[in-house]
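Trainee:
Numbering (the numbering used here), first residue to last: 49 to 286.
This is the structure in structure tokens:
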């Protein structure tokens, strides 16, 4: 997989919920193509055995083959924000700034409608767990997960207090969920920042060491993502 154009390098971590390639998915792929996103014939979106729809290697590929190229102009990132939005987010962490941008784009897509239509309508992962629902989780690993979520929520609430009043907490929480579940971390000029990349955000994810592809930004504005060697192998980002 590759994410190219004037973008950057990435590793991503999130809880997957890839959309089904129904009529909305077809409109999205048409939009992506018109926005300059190029996909190889080896890049397919299909049902996976356990995680719904995700990216699949449709044929044998070689390490380093480019499967997806995303122009910088098609990405949603802090570096691409309009001046007014950038001023609002100067004091925010980059993930929160991007979450705010996602809120604004979701409300006024301005040509990104087919992409926004595939974003989740409700918070995903731990952002969708509230109150007594946490009781369904047990064990040290889940307690640690909850602790980390509570730290993240406290930071997000502090960021939310700095936003314009028309951005409700529920709306911002959804934006944070979109970023944590769909954004990739790109290294730009030595600084890591989250970026939402159309088409690449269809990939399911694995933690480091369990993924089988990676996105790399190069100075020539092309990002390459290596894929599994065998056909019909699920593609996972880290």
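Cβ coordinates follow ideal geometry from the N, Cα and C atoms, glycine included.
1. Going along the chain, which residues of its own chain have a beta-carbon closer than 7 Å to the beta-carbon of residue 143, five neighbours each way excluded?
2. When the Cα atoms are used, what is the spatial distance from residue 185 to residue 194?
3. Between residue 86 and residue 117, is the Cβ-Cβ spacing less than 8 Å?
4. Does the separation of the CB atoms of residue 75 and residue 171 fall below 8 Å?
5. Relative to the C-alpha of residue 151, which residue among 136, 223, 109 is closest?
6. Rounded to whole angstroms, how far is the Cβ of residue 146 from the Cβ of residue 123, which I believe are closer than 8 Å?
7. Out of curiosity, what's the CA-to-CA distance linking residue 246 and residue 120?
8. Just confirm the distance between the C-beta atoms of residue 136 and residue 148, as a whole number of angstroms; I'd bet it's less than 8 Å.
9. With a cut-off of 8 Å on the beta carbons, I'd call residue 129 and residue 106 a contact; round off their distance for me.
10. Give the C-beta separation of residue 175 and residue 225 to the nearest angstrom, bearing in mind that I take them to be a contact with Cβ-Cβ under 8 Å.
11. Please classify residue 196 as buried or exposed, where buried requires at least 16 neighbouring CB atoms within 10 angstroms.
12. Go to residue 233, then tell me how far its beta strand (DSSP E) extends in each direction, as first and last residue.
13. Hey, residue 236 and residue 127 are a contact pair by Cβ (cut 8 Å); roughly how many whole angstroms apart?
14. Can you give me the Cβ contacts of residue 164 inside the same chain, cut-off strictly under 8 Å, excluding the 5 residues immediately before and after it?
15. Within this structure, are the beta carbons of residue 103 and residue 250 separated by less than 8 Å?
16. Please state the DSSP three-state secondary structure of residue 162.
17. Could you tell me the distance, in whole angstroms, from the CA atom of residue 112 to the CA atom of residue 248?
18. If you compare alpha carbons, which of 252, 81, 263, 198 is closest to residue 160?
19. In terms of DSSP beta bridges, what is residue 117 paired with?
20. Are the Cβ atoms of residue 140 and residue 97 separated by less than 8 Å?
21. Can you tell me which of the three DSSP states residue 154 falls into?
22. Can you grab the Cα-Cα spacing for the pair residue 94 / residue 231, in whole Å?
23. What residue range does the alpha helix (DSSP H) around residue 205 cover?
24. Helix, strand or coil: which one does DSSP assign to residue 248?
Mentor: In this structure, then:
1. So the qualifying residues of the chain are 227, 242.
2. A straight-line Cα-Cα distance of about 9 Å links residue 185 and residue 194.
3. Here residue 86 is near residue 117, since their CB atoms are less than 8 Å apart.
4. Against a cut-off of 8 Å, the Cβ pair of residue 171 and residue 75 comes out as no contact.
5. If you compare the alpha carbons of 136, 223, 109 with that of residue 151, the shortest gap goes to 223.
6. That pair is no contact at about 11 Å.
7. Going from the Cα of residue 246 to the Cα of residue 120 covers about 11 Å.
8. Yes, residue 136 and residue 148 are in contact; Cβ-Cβ is about 7 Å, under 8 Å.
9. No, residue 129 and residue 106 are not in contact; Cβ-Cβ is about 35 Å, not under 8 Å.
10. Beta-carbon to beta-carbon, residue 175 and residue 225 are separated by about 4 Å, close enough to satisfy the 8 Å threshold.
11. It is exposed - the Cβ of residue 196 has fewer than 16 other Cβ atoms within 10 Å.
12. 232–236 is the extent of the beta strand (DSSP E) around residue 233.
13. So it is a contact: roughly 7 Å between Cβ atoms.
14. Non-local C-beta neighbours of residue 164 in its own chain, meaning closer than 8 Å and more than five positions away in sequence, comprise 153, 154, 157, ordered along the chain.
15. Closer than 8 Å, so yes.
16. Note: residue 162 maps to helix in three-state DSSP.
17. Rounded to the nearest angstrom, the two C-alpha atoms are 16 Å apart.
18. Closest by alpha carbon: 81.
19. As DSSP reads the structure, residue 117 sits in a beta bridge with 86.
20. Cβ distance not < 8 Å, so residue 140 and residue 97 don't count as in contact.
21. Helix, per DSSP.
22. Distance between the alpha carbons of residue 94 and residue 231 is about 20 Å.
23. First-last of the alpha helix (DSSP H) with residue 205: 188–208.
24. In the three-state DSSP reduction, residue 248 falls in the helix class (H, G or I).
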